[in-house]
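Structure record follows, encoded as structure tokens.
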Amino acid sequence: MNIESFFDAQRFCKHLKKLVRREIMLICIGGFVVFCLSLASGFSRDWRVVSGLIFISGIVYASFAFRELNHSPASALNFLMLPVSSFEKCLSRWIISGFVYPAVLFAAIAFAFFLRESYASAVNCMFASSGAKDLLLPGMSFHKEVVSAPTFFDLIECAWQYSVVHAIFFWGSAVFRKAAFLKTAIAFLCGYVAIKIIALACILATLLLLDCIYGDLNTVDFWRVVAQARTVLQMLWPCCAALILCISLIMAFKKIKSVEV
Amino acid sequence: MIEIKDVAFGYGGRDLFSGLKLTLRSGQIYGLLGKNAQGKTTLLKLIAGLRFPREGSINVFGMNAGDREPELLQKIFFVPEQIELPSLRVGDYAAELSDYYSTFRLDSFAGYIEEFEIYESVLMQTLSFGEQKKVLLALALSSGCPLILLDEPMNGLDVPAKMKFRRLLAMAATEDSTFILSTHQIRELEQLIDPVIILHNGGVLLNESLSRIGEHLEFGMQAEKPSASEVVYSELGPGGYSVIRQSGMACGNPVDMELLFSAAVNDPDLIRAIFGRKGGV
Numbered sequence: 000m001n002i003e004s005f006f007d008a009q010r011f012c013k014h015l016k017k018l019v020r021r022e023i024m025l026i027c028i029g030g031f032v033v034f035c036l037s038l039a040s041g042f043s044r045d046w047r048v049v050s051g052l053i054f055i056s057g058i059v060y061a062s063f064a065f066r067e068l069n070h071s072p073a074s075a076l077n078f079l080m081l082p083v084s085s086f087e088k089c090l091s092r093w094i095i096s097g098f099v100y101p102a103v104l105f106a107a108i109a110f111a112f113f114l115r116e117s118y119a120s121a122v123n124c125m126f127a128s129s130g131a132k133d134l135l136l137p138g139m140s141f142h143k144e145v146v147s148a149p150t151f152f153d154l155i156e157c158a159w160q161y162s163v164v165h166a167i168f169f170w171g172s173a174v175f176r177k178a179a180f181l182k183t184a185i186a187f188l189c190g191y192v193a194i195k196i197i198a199l200a201c202i203l204a205t206l207l208l209l210d211c212i213y214g215d216l217n218t219v220d221f222w223r224v225v226a227q228a229r230t231v232l233q234m235l236w237p238c239c240a241a242l243i244l245c246i247s248l249i250m251a252f253k254k255i256k257s258v259e260v
Numbered sequence: 000m001i002e003i004k005d006v007a008f009g010y011g012g013r014d015l016f017s018g019l020k021l022t023l024r025s026g027q028i029y030g031l032l033g034k035n036a037q038g039k040t041t042l043l044k045l046i047a048g049l050r051f052p053r054e055g056s057i058n059v060f061g062m063n064a065g066d067r068e069p070e071l072l073q074k075i076f077f078v079p080e081q082i083e084l085p086s087l088r089v090g091d092y093a094a095e096l097s098d099y100y101s102t103f104r105l106d107s108f109a110g111y112i113e114e115f116e117i118y119e120s121v122l123m124q125t126l127s128f129g130e131q132k133k134v135l136l137a138l139a140l141s142s143g144c145p146l147i148l149l150d151e152p153m154n155g156l157d158v159p160a161k162m163k164f165r166r167l168l169a170m171a172a173t174e175d176s177t178f179i180l181s182t183h184q185i186r187e188l189e190q191l192i193d194p195v196i197i198l199h200n201g202g203v204l205l206n207e208s209l210s211r212i213g214e215h216l217e218f219g220m221q222a223e224k225p226s227a228s229e230v231v232y233s234e235l236g237p238g239g240y241s242v243i244r245q246s247g248m249a250c251g252n253p254v255d256m257e258l259l260f261s262a263a264v265n266d267p268d269l270i271r272a273i274f275g276r277k278g279g280v
């Protein structure tokens, strides 16, 4: 297989454009819903709620990334017979669900925030000029500053965590034929619990090892070992997350390449 | 063009093909016949790379079908029996496909669609199954793909559409294009099909051109019941007995494909012996 069979930039761009055109309605509906919600409730003032909403909405959308494969054999056949490489099919869907969709949601929320604040400022000015400073419209606040603002590190961490969880749900979309979101969520939870148990087992094994070395378990400070293990795990987390991200994407690609209709 | 070598395939624990060998040349309209569950659709899917053989290899245009390389996918258009089209307008979908298939001819598509009395501005989801099938057949014929796989293409089409499809297919067939038609409705396509492939018991029972079939077999009618020893196969019909006799030379009688199929599945060993095929494949 030559490199052009695997990836051709021109072919990929053409495919991505067409896919965006097909998905635009769904993306716009998602954007419109969060726009309305943000406008009505003003949640856009708290970045944690905003990021949480984008996070959840993004992974739900990612769970439907390969919905053609799961909808019916005929739609799966259309998907597989499209003269685009499996890698390009995967990459285009990953870009749309991982970047385009969250970006549209973010833009919708930002626009709602801007509208809301502009309106609030205008009304505030109007009331201020008329001398009615303390008059508030029902459900509308007039604080110019946001409730909480993220630091740069917060944003990076949030984006990083989203990338990892998104990749897992993206993989789930390729693997599970029905109820991909639910099944992936359960698998994710099971995996998380399994990792916790393994980590605990490792700590216990370490304690037992120390016990063997020192001959007396009481001499070992259990919580100190746990704290040290947690520090080690926190240090290892970026590497583990990167590994999970890569494995998820590679497995999704391999699944798409090997899927049969 | 298509080289199938020693392919084994099955679903679950049930073997469908074992040691399947088949070579298909370009510029033909192959008719793929077989009883139910003999693997006609599966064979088309194997050729398209939608299924992977357990053993053996399938090479299409010199590429492994299972790799699903874009270069190969550009050369294959598959019309399945059960179809599902995206919620786009007919013209928009054709325009979209024309970007994927470099050989796609939009002007031809417009002509075919007009022939089938379907408007390009119509949303495909609002079309009936038969109309959707017409759109897909028009797309297949105008794709310019050198290999077009049609699984039960006549299903869902009305009588005038069947006639039009036969005419359009005959017009679209060139030396560079190959069609493989899987069908149970042999009578409706027998004027087009040549050669004939009959699948039976996990292998190819027959893969012969009509001229070679005509060289070996003679098709006719007779009033009295023939004795089993003097005919390959006989069947009582409204006008008497339809019979197949072995002949040593081309007799010029048209091949009755339905009768041939019945004869083949009735006595596969005899057909194998006549056409010199090894048992099973």
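Respectively, the protein sequence lines represent chains A and B. Going by numbering that gives the first Met the number 0, 63 is the number at position 64 of the first sequence; the sequence numbering is gapless. Going by numbering that gives the first Met the number 0, 279 is the number at position 280 of the second sequence; the sequence numbering is gapless. For every residue, glycine included, the Cβ atom is placed at its ideal position computed from N, Cα and C. Remember, it's a predicted structure, so these values are computed and weren't measured experimentally.
Per DSSP, which one or two residues make a beta bridge with arginine 88 of chain B? Beta-bridge partners assigned by DSSP to arginine 88 of chain B: B:Leu122.
Closer than 7 Å by beta-carbon distance: list the chain A residues that pair up with alanine 47 of chain B, in chain order. When 7 Å is used as the limit between beta carbons, alanine 47 of chain B is near these residues of chain A: Met80, in chain order.
Output needed for glutamate 68 of chain B: all residues of its chain with C-beta closer than 7 Å, excluding positions within five of it in sequence on either side, in chain order. Correct list, in chain order: Met62.
Closer than 7 Å by beta-carbon distance: list the chain A residues that pair up with lysine 39 of chain B, in chain order. Taking a Cβ-Cβ cut-off of 7 Å, lysine 39 of chain B has no neighbours in chain A, whose nearest Cβ is about 15 Å from it.
Can you list, in chain order, the residues of its chain with a C-beta nearer than 7 Å to that of leucine 191 of chain B? Leave out the 5 residues immediately preceding and following it. Taking leucine 191 of chain B as the centre and dropping the five residues before and after it, the same chain places the C-beta of Ile28, Arg165, Leu168, Ala169 closer than 7 Å to its C-beta, in chain order.
By alpha-carbon positions, which one of B:Leu49, B:Met220, B:Ile1 ends up nearest to valine 260 of chain A? Checked all of B:Leu49, B:Met220, B:Ile1; the closest Cα to valine 260 of chain A is B:Leu49.
Can you tell me whether valine 231 of chain A is buried or exposed? The criterion is at least 16 other CB atoms within 10 Å of its CB, across all chains shown. Exposed, since its Cβ has fewer than 16 Cβ neighbours within 10 Å.
Residues that lysine 4 of chain B bridges to, as DSSP identifies them: Bridge partners of lysine 4 of chain B: B:Ser56.
Who are the near neighbours of phenylalanine 175 of chain A in its chain, counting only those whose CB is closer than 6 Å to its CB and skipping five residues on each side? Within the same chain, phenylalanine 175 of chain A has close Cβ partners Lys182.
If we cut at 9 Å on Cβ distances, does lysine 177 of chain A have a partner in chain B? Taking Cβ atoms only, chain B never reaches closer than 9 Å to lysine 177 of chain A, which makes this a no.
Is it buried or exposed, leucine 204 of chain B, if we count other Cβ atoms within 10 angstroms and call 16 or more buried? Under a 10 Å Cβ-count criterion, leucine 204 of chain B is classified as buried, with 16 or more other Cβ atoms of the shown protein chains found around its own Cβ.
Comparing C-alpha positions only, which one of A:Phe105, A:Leu15, A:Ala241 sits nearest to leucine 288 of chain A? The first residue shown for chain A is 0 and the last is 260, placing residue 288 of chain A beyond what the model contains.
Anyone know if the C-beta pair for isoleucine 179 of chain B and leucine 146 of chain B falls short of 9 Å? Yes, the Cβ-Cβ distance between isoleucine 179 of chain B and leucine 146 of chain B is below 9 Å.
DSSP three-state call for arginine 47 of chain A: helix, strand or coil? Helix at arginine 47 of chain A.
For methionine 153 of chain B, which of helix, strand or coil comes out of DSSP? Three-state DSSP puts methionine 153 of chain B in coil, outside helix and strand.
Measure how close the beta-carbons of asparagine 58 of chain B and glutamate 2 of chain B come, nearest whole angstrom, since I'm counting them as under 8 Å. Sure, about 4 Å apart at Cβ, within 8 Å.
Assuming phenylalanine 180 of chain A contacts serine 84 of chain A (C-beta within less than 8 Å), just tell me the rounded distance between them. A Cβ-Cβ distance of about 27 Å is found for the pair phenylalanine 180 of chain A and serine 84 of chain A, leaving them out of contact under the 8 Å criterion.
What does the Cβ neighbour count give for tryptophan 236 of chain A, buried or exposed, with the cut at 16 atoms within 10 Å? Label assigned to tryptophan 236 of chain A: exposed.
List, in chain order, every chain B residue whose beta-carbon is nearer than 7 Å to that of leucine 76 of chain A. In chain order: Leu49, Phe77, Pro79.
Write down the C-beta distance between proline 52 of chain B and leucine 45 of chain B rounded to the nearest angstrom, noting that I regard them as a contact closer than 8 Å. Right, their Cβ atoms sit about 6 Å apart.
Please check if any C-beta of chain B sits within less than 9 Å of the C-beta of aspartate 7 of chain A. Residue-level contact check: aspartate 7 of chain A touches chain B, since one or more beta carbons of chain B fall below 9 Å from its beta carbon.
Unbroken alpha helix (DSSP H) runs of length 4 or more, entirely within the stretch 144 to 224 of chain B: which are they? Counting whole runs of 4 or more residues, the stretch 144 to 224 of chain B contains the alpha helix (DSSP H) stretches 158 to 171, 185 to 188, 209 to 215.
Any idea what DSSP makes of leucine 21 of chain B, helix, strand or coil? Strand at leucine 21 of chain B.
Given 8 Å as the limit, is there contact between the stretch 59 to 68 of chain A and the stretch 159 to 169 of chain A, that is, 3 or more CB pairs closer than that? These segments touch.
Between the Cα of tyrosine 100 of chain A and the Cα atoms of A:Gln227, A:Asn1, A:Cys201, A:Ile23, which residue gives the shortest distance? The shortest C-alpha separation from tyrosine 100 of chain A is found at A:Ile23.
Distance between beta carbons of isoleucine 202 of chain A and alanine 228 of chain A, contact taken as under 8 Å: Between isoleucine 202 of chain A and alanine 228 of chain A the Cβ distance is about 5 Å, and since that is below 8 Å, they are a contact.
Any heavy atom of the ligand NAD closer than 8 Å to the Cβ of proline 79 of chain B? Absent from the structure shown: the ligand NAD. Ligands present: none.
Taking C-beta pairs closer than 7 Å, name the residues in chain A that glutamate 70 of chain B reaches, listed in chain order. Listed along the chain, the chain A residues whose CB falls inside 7 Å of the CB of glutamate 70 of chain B are Ser4.
Starting from glycine 30 of chain A, trace the alpha helix (DSSP H) in both directions and tell me its first and last residue. Boundaries of the alpha helix (DSSP H) harbouring glycine 30 of chain A: 8 to 40, taken from the DSSP string.
Alpha-carbon spacing of aspartate 98 of chain B relative to arginine 20 of chain A, whole angstroms: Note on geometry: alpha-carbon atoms of aspartate 98 of chain B and arginine 20 of chain A lie some 14 Å from one another.
Whole angstroms is fine: what's the gap from proline 85 of chain B's alpha carbon to glycine 219 of chain B's? Taking the CA atoms as reference points, proline 85 of chain B sits about 48 Å from glycine 219 of chain B.
Partner residues on chain B for arginine 10 of chain A, Cβ-Cβ distance less than 8 Å: Under the 8 Å cutoff, chain B gives Pro69.
What are the boundary residues of the alpha helix (DSSP H) that includes isoleucine 75 of chain B? Here isoleucine 75 of chain B belongs to no alpha helix (DSSP H); instead the beta strand (DSSP E) covers 75 to 78.
Near lysine 224 of chain B, what residues of its chain come up, given a Cβ to Cβ distance below 8 Å and the 5 sequence neighbours on each side ignored? In its chain, beyond the 5 residues on either side, Ser233, Leu235, Tyr240 have a beta carbon closer than 8 Å to the beta carbon of lysine 224 of chain B.
Does DSSP put glutamate 68 of chain B in a helix, a strand or coil? The DSSP-derived three-state label of glutamate 68 of chain B is coil.
Option in B:Glu114, B:Arg88, B:Thr102, B:Tyr111 with minimal Cα separation from leucine 126 of chain B: Among B:Glu114, B:Arg88, B:Thr102, B:Tyr111, the Cα nearest to that of leucine 126 of chain B is on B:Arg88.
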